[in-house]
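Remember, our numbering sits 24 above the position in the sequence shown when you count from 1.
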Amino acid sequence: MGKPYRQKDNYFKKAKQEGLRARSAFKVDEILKRFPVVKKGAAVLDLGAAPGGFLQILADAVGPKGRVFGVDIVRIRPFSQQNVKTEVLDVLADDFDARLEELFPAPYDAVISDMAPKTSGVRNVDEARSLRLVRKALEVATTRGRPGSYFVAKLFMGGEFEEFRAEVRAAYEDVKLVRPEATRGASMEVYVVGLRLKAAPVADGQATP
Ligand SMILES: C[S@@+](CC[C@H](N)C(=O)[O-])C[C@H]1O[C@@H](n2cnc3c(N)ncnc32)[C@H](O)[C@@H]1O
Numbered sequence: 025m026g027k028p029y030r031q032k033d034n035y036f037k038k039a040k041q042e043g044l045r046a047r048s049a050f051k052v053d054e055i056l057k058r059f060p061v062v063k064k065g066a067a068v069l070d071l072g073a074a075p076g077g078f079l080q081i082l083a084d085a086v087g088p089k090g091r092v093f094g095v096d097i098v099r100i101r102p103f104s105q106q107n108v109k110t111e112v113l114d115v116l117a118d119d120f121d122a123r124l125e126e127l128f129p130a131p132y133d134a135v136i137s138d139m140a141p142k143t144s145g146v147r148n149v150d151e152a153r154s155l156r157l158v159r160k161a162l163e164v165a166t167t168r169g170r171p172g173s174y175f176v177a178k179l180f181m182g183g184e185f186e187e188f189r190a191e192v193r194a195a196y197e198d199v200k201l202v203r204p205e206a207t208r209g210a211s212m213e214v215y216v217v218g219l220r221l222k223a224a225p226v227a228d229g230q231a232t233p
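Right under this line is the structure:
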């Protein structure tokens, strides 16, 4: 049997050396270098944020005038930076939307999701769980993002991957797929990046301002 992750891989060691909470920090770092997802002063929502590797990179990217909101079903160790706020929330809970609005009011300039379900080992079940989480992330991004905002979400290739990509394409001006270098060798994960949320269509009979 092969070694699953080459034991403590280079990104793991590098994360430790640089004081990062998770090797996944390098994934979001690469995405931010490739696309203008986050600017100084931006308000960013990070879904599935524990232990906080993405949050560390995002906090630097938005700077002291920006805000980064992290949510997860598990508690995130507090941050010393004033621009990072975290909360324990389940995105699939019935009261999630209301709680989110109360804690971290929209609009957001970017919604990022690195959520991953607890895996069962049954491929179809795990793909369906992953898809449920990213669909919720897309719903949050499209209903609470500013027009022109960005969306980044991890999902696993397979299942309804193409349908999901089409859903992102319908809402954003452009869609890219990224498989960051720090992604482990055999992993099926990919990040879907939605660039510039389209403005919501004006409903019939509604006057434009
Ligand atoms: C790969 S980890 C995220 C790592 C994080 N991006 C970082 O850099 O530290 C995936 C996270 O998704 C969270 N998650 C799974 N289901 C969730 C849900 N229903 N609501 C909120 N978070 C969820 C898990 O608890 C887990 O912490």
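Glycine included, each C-beta is placed from N, C-alpha and C at the ideal position. Note that the structure is predicted; figures quoted are calculated from it, not measured.
**Prompt:** Since Phe180 sits in a beta bridge, which residues does DSSP pair it with?
**Reply:** Stepping through the sequence shown from its first residue, residue 180 is reached at position 156. In DSSP, Phe180 forms a bridge with Glu213.
**Message:** Residues in the same chain with beta-carbon distance under 7 Å from Asp138, minus the five sequence neighbours each way, listed in chain order, please.
**Reply:** As a first step, residue 138 must be located in the sequence shown, where it is residue number 114. Hits under 7 Å: Ser48, Gly72, Phe78, Lys178.
**Request:** Could you pull out every residue in the same chain whose Cβ sits closer than 6 Å to the Cβ of Val52, ignoring the five residues on either side in sequence?
**Result:** Your numbering for residue 52 matches position 28 in the sequence shown. So the qualifying residues of the chain are Phe78, Ile81.
**Prompt:** From this set, Ala165, Thr166, Val146, Pro141, which residue's C-alpha is nearest Leu155's C-alpha?
**Reply:** Within the sequence shown, numbered from 1, the residue matching residue 155 stands at position 131. When each option's Cα is compared against that of Leu155, the closest is Pro141.
**Prompt:** Candidates Glu186, Pro171, Thr207, Ala206: which alpha carbon is nearest Ala195's?
**Reply:** Counted from its first residue, the sequence shown places residue 195 at position 171. Nearest option by C-alpha distance: Pro171.
**Message:** Just checking Ser211 against ligand 3 - is the residue's beta carbon closer than 8 Å to any of the ligand's heavy atoms?
**Reply:** For ligand 3, the structure offers nothing, since it holds only ligand 1.
**Request:** Would you decide whether Pro233 is buried or exposed? Buried here means 16 or more other CB atoms lie within 10 Å of its CB.
**Result:** If you number the sequence shown from 1, residue 233 lands on position 209. Note that Pro233 scores a pLDDT of 48, beneath 50, so its modelled location is shaky; the value from the coordinates is reported in the next line. Flag for Pro233 reads exposed.
**Request:** Run the CB neighbour count on Val176, radius 10 Å, all protein chains shown included, and call it buried at 16 or more, exposed below.
**Result:** Position 152 of the sequence shown, counted from the first residue, corresponds to residue 176. Val176 comes out buried.
**Message:** Distance check for Arg189 and Lys64, CA to CA, integer angstroms please.
**Reply:** On the sequence shown, position 40 is the one that residue 64 refers to. On the sequence shown, position 165 is the one that residue 189 refers to. Their Cα atoms are separated by approximately 28 Å.
**Asked** Can Gly94 and Ala46 be called in contact, C-beta distance under 9 Å?
**Response** On the sequence shown, residue 94 is found 70 positions in, with the first residue counted as 1. On the sequence shown, residue 46 is found 22 positions in, with the first residue counted as 1. Cβ distance not < 9 Å, so Gly94 and Ala46 don't count as in contact.
**Message:** Quick check on Ser173: buried or exposed, where buried means 16 or more other Cβ atoms within 10 Å of its Cβ?
**Reply:** Indexing the sequence shown from 1 puts residue 173 at position 149. So Ser173 counts as buried.
**Message:** Per DSSP, what are the beta-bridge partners of Tyr196 in this structure?
**Reply:** By 1-based counting over the sequence shown, the position of residue 196 is 172. DSSP links Tyr196 through a beta bridge to Leu221.
**Request:** Could you tell me the boundaries of the alpha helix (DSSP H) in which Val84 lies?
**Result:** By one-based count along the sequence shown, residue 84 stands at place 60. What sits at residue 84 in the sequence shown is Asp, not Val. From DSSP, the alpha helix (DSSP H) with Asp84 extends over 77-86.
**Prompt:** What residues in its chain sit with their C-beta under 6 Å from that of Arg153, if we drop five residues either side in the sequence?
**Reply:** In the sequence shown, counting from the first residue as 1, residue 153 sits at position 129. Within the same chain, Arg153 has close Cβ partners Pro141.
**Request:** List the DSSP bridge partners of Asp96.
**Result:** Taking the first residue of the sequence shown as position 1, residue 96 is located at position 72. DSSP lists Val112 as the bridge partner or partners of Asp96.
**Nearest candidate by alpha-carbon position, reference Asp150, set Asp133, Gly183, Ala130** = For the purposes of this step, residue 150 is taken as the residue at position 126 of the sequence shown. The candidate whose alpha carbon is nearest that of Asp150 is Gly183.
**Message:** DSSP three-state label for Val52, please.
**Reply:** In the sequence shown, counting from the first residue as 1, residue 52 sits at position 28. In the three-state reduction of the DSSP assignment, Val52 falls in the helix class.
**For Val68, the first and last residue of its enclosing beta strand (DSSP E)** = The sequence position of residue 68 within the sequence shown is 44, counting from 1. Residues 67-71.
**Asked** Is Leu155 near ligand 1, in the sense that its beta carbon is under 8 Å from a heavy atom of that ligand?
**Response** By one-based count along the sequence shown, residue 155 stands at place 131. In this structure, the C-beta of Leu155 stays at least 8 Å away from each heavy atom of ligand 1.
**With 16 other Cβ atoms within 10 Å as the buried cut-off, status of Val278** = What is shown of the chain runs 25 to 233, which leaves residue 278 out entirely.
**Prompt:** Do the region 100-117 and the region 31-40 make contact, defined as three or more Cβ pairs closer than 8 Å?
**Reply:** no
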